Amino acid sequence: MKIPVVLSVVHVAIDAEGVLAVDVDGVPRDSEQDRTRGDLRAVIDEVTSDLGAPVRVEVREADGSTFTDVATPPTPAPAAAAQPPTPPPPALAGAGFQPGEEVALAYVVVRQNADAEGNASVNLPPALLAATRGGLVLLGMTSRTVTPFEAPA
0 MKIPVVLSVV HVAIDAEGVL AVDVDGVPRD SEQDRTRGDL RAVIDEVTSD
50 LGAPVRVEVR EADGSTFTDV ATPPTPAPAA AAQPPTPPPP ALAGAGFQPG
100 EEVALAYVVV RQNADAEGNA SVNLPPALLA ATRGGLVLLG MTSRTVTPFE
150 APA
């Protein structure tokens, strides 16, 4: 970015209602609508983009306080370069199933030890239980026993 030897000055006066009065190097910058304090960043971006250079910003509040800063033009978003299509993610694969057998992928959400009789009970948040009611199984990590999860009705 080429920086001029002397920066243009953007004067911003904010009145008690928060309405902006903006000038650039003493030339008023009128807008078709009233701009308020919330529009300040957009106004500065607009000025720096139009000038294509940094500016000195002087803001004067209704109470007499002042703030000074240097603002640069917003960085343009990089142009989307033509990229080759992304290959699909690798699939999980396995073998040894019966022809036509439905195969499910299970995700361990929580682990619980079985009691002395070999029973297990897992408490899940109601939202998770409702979303996964038909697809959860209890899998014995040692015995490899698979039991459908039976949620209380």
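Numbering (this note's numbering), first residue to last: 0 to 152. Where a beta carbon is used, it is the ideal one built from N, C-alpha and C, also for glycine. Computed from a predicted structure; not experimentally measured.
Scanning its chain for C-beta atoms nearer than 8 angstroms, with the 5 sequence neighbours on each side dropped, one finds around Thr47 the residues Pro53, Val54, Ala70, Thr71, Pro72, Pro73, in chain order. Counting along the chain, Ser48 sits inside the alpha helix (DSSP H) bounded by residues 39–50. Spatial neighbours of Val42 in its own chain (CB-CB distance under 7 angstroms, excluding positions within 5 residues in sequence) are listed in chain order as Leu19, Val21, Arg34. Pairing Ala119 with Gln111 gives a Cβ-Cβ distance under 8 angstroms. Under the 10 Å beta carbon count, Val58 is surrounded by 16 or more other beta carbons and is classified as buried. Taking a 10 Å sphere around the C-beta of Val9, we find 16 or more other C-beta atoms and assign the residue as buried. Per DSSP, Ala119 has no beta-bridge partner at all.
Taking the C-beta atoms as reference points, Val11 is found no nearer than 8 angstroms to Leu50. At a cut-off of 3 residues, the continuous stretches assigned as beta strand (DSSP E) that sit fully inside the stretch 52–76 are 54–59, 65–70.
Under the three-state reduction of DSSP output, Leu127 falls in the helix class.
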